[in-house]
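Here the sequence shown stands for residues 19 to 212, numbered as in this note's numbering.
Beta carbons are placed, not taken as given, at the ideal position from N, Cα and C, and that holds for glycine.
Below is one structure; the comments refer to it alone.
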Amino acid sequence: MLTFTNKFIFCVFFNVVGKYQIQHLEITRDIASRLNYVFPNTLVLPETQVDERVMIVPGLDGKKMSKSYNNVIDIFVSDKNLRKQIMQIKTDSVPLEESKDAESCNVFKIFKLISSDLQANKIKKKYSAGNYGYGDAKQELFMLICDKYKEERRKFAYFMDNKDILDAELKKGAEKARSIARTVLDRVRNNIGY
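Right, here's the structure in full:
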């Protein structure tokens, strides 16, 4: 129900989801369809788009990345802890000098999700050429994450050091969300005669 509420209260009409979220969106659409059948034009049905590249994002252990599995890469930790997390990504035991299959490597799977096609192709060639170890790939992933999310990491650190500013921003966001929710709830109540 929380997924349903979030989609409709905040007017999320288009959703890019992974493999494991599809069922939640289908249930959400079913609930909205039933409500619209009894009370026409009450809710707009959300559309779903599945991005094939991110159907399943591998975690540190190669399983689906999830906070529940404690296998996520937390981009907001210190550089030292971020590197430590990345170095824990599970790989096979192909020797350094041998050619490797990039597409079956968890490090590469994560790398190509956040890199440009050009960057991913360069790394893929290094895997194929041999004399490129998983430690090298992990270091490149670490540098990519640090570079790509530099501004987000800076902002996160700023807000963590300035909790009063963070609280003020959260309060503004809550007020905006409450205003949007009130409009949608008023429309639903009006349509169902509540």
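Query	Result
Roughly how far, in whole angstroms, is the beta-carbon of phenylalanine 160 from the beta-carbon of tyrosine 145, given that I think they are within contact range, below 8 Å?	17 Å between Cβ atoms; not a contact.
For isoleucine 210, which of Ile27, Gly36, Tyr55 has the nearest alpha-carbon?	Tyr55
Near glutamate 115, which residues of its chain fall below 8 Å by C-beta distance, leaving aside the five closest residues on each side in sequence?	Gly148, Asn149
Using DSSP's beta-bridge definition, name the partner residues of proline 76.	Lys82
Looking only at its own chain, which residues have a Cβ that is under 8 Å from the Cβ of isoleucine 132, when we skip the five neighbours before and after it?	Leu162, Ile163, Lys166
Looking only at its own chain, which residues have a Cβ that is under 7 Å from the Cβ of phenylalanine 57, when we skip the five neighbours before and after it?	Asn209, Ile210
In this structure, how does DSSP classify threonine 23 when only helix, strand and coil are distinguished?	helix
Can glycine 36 and methionine 73 be called in contact, C-beta distance under 7 Å?	yes
Can you find the residues in the same chain that come closer than 6 Å, C-beta to C-beta, to alanine 50, ignoring five residues on each side of it along the sequence?	Leu61, Leu63
Determine the burial state of proline 76: buried for a count of at least 16 other Cβ atoms within 10 Å of its Cβ, exposed for fewer.	buried
On a CA-only basis, which of Leu78, Phe94, Ile93 is nearest asparagine 87? Give me that one, please.	According to the sequence shown, residue 87 is tyrosine rather than asparagine. Among Leu78, Phe94, Ile93, the Cα nearest to that of tyrosine 87 is on Leu78.
Would you give the residue range spanned by the beta strand (DSSP E) that glutamate 187 belongs to?	No beta strand (DSSP E) contains glutamate 187, which is instead part of the alpha helix (DSSP H) from 181-210.
Please look up how many angstroms separate the CB atoms of isoleucine 93 and arginine 171, rounded, as I've assumed it's under 8 Å.	6 Å
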